[in-house]
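> Input: one structure, supplied below.
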Amino acid sequence: MTTAAKAGTRIASRWQPALAVGVRVLLAVVGGYAFTAAAVMLGGGVLAASGLFSRSDAVVLAALLGFPLYLGLLLWAFAERRLARLALVLAGGSALLHAGAWLMRH
Numbered sequence: 000m001t002t003a004a005k006a007g008t009r010i011a012s013r014w015q016p017a018l019a020v021g022v023r024v025l026l027a028v029v030g031g032y033a034f035t036a037a038a039v040m041l042g043g044g045v046l047a048a049s050g051l052f053s054r055s056d057a058v059v060l061a062a063l064l065g066f067p068l069y070l071g072l073l074l075w076a077f078a079e080r081r082l083a084r085l086a087l088v089l090a091g092g093s094a095l096l097h098a099g100a101w102l103m104r105h
């Protein structure tokens, strides 16, 4: 291995932890927001369709429940050891919740 290749490997390994933290923060903030927004949309629709609440009350309740959900997702994002699992759960869950909200609306 050449000296330049060894130096490149050292530089890449030096930045790897910082890159992992940056990706984790991005996943936590953006992925958590997308998941929470979809859950609030679906939750508001389900509560309104159930007839237990008026439409405005259902939206307010779903929005209020979105705050602790987002906080929990943020905390879990930094407690989860595997980035792949975090990305899969946030992206997959968000897609499923968005699909459910879309189906509920149509």
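In numbering that gives the first Met the number 0, the protein residues as written are 0 to 105.
We put the beta carbon where it would ideally sit given N, CA and C, even for glycine.
1. Check phenylalanine 52 in the structure and name its three-state DSSP category.
2. Does the Cβ-Cβ distance between leucine 64 and glycine 31 come in under 8 angstroms?
3. What residue does the alpha helix (DSSP H) around leucine 87 start on, and which one ends it?
4. What's the gap between the Cα of phenylalanine 52 and the Cα of alanine 90?
5. Tell me whether the beta-carbon of leucine 68 lies closer than 8 angstroms to the beta-carbon of alanine 100.
Let me spell this out:
1. Position 53 of the sequence shown, counted from the first residue, corresponds to residue 52. In the structure shown, phenylalanine 52 sits in coil (DSSP, three-state: anything other than H, G, I, E or B).
2. As a first step, residue 64 must be located in the sequence shown, where it is residue number 65. As a first step, residue 31 must be located in the sequence shown, where it is residue number 32. In this structure, glycine 31 does not lie closer than 8 angstroms to leucine 64 by Cβ.
3. Along the sequence shown, read from residue 1 onward, the residue named residue 87 stands at position 88. Unbroken alpha helix (DSSP H) run through leucine 87: 82-104.
4. Position 53 of the sequence shown holds residue 52. Position 91 of the sequence shown holds residue 90. Roughly 30 angstroms separates the two Cα atoms.
5. As a position in the sequence shown, residue 68 is number 69, starting the count at 1. As a position in the sequence shown, residue 100 is number 101, starting the count at 1. The answer is no: Cβ separation not under 8 angstroms.
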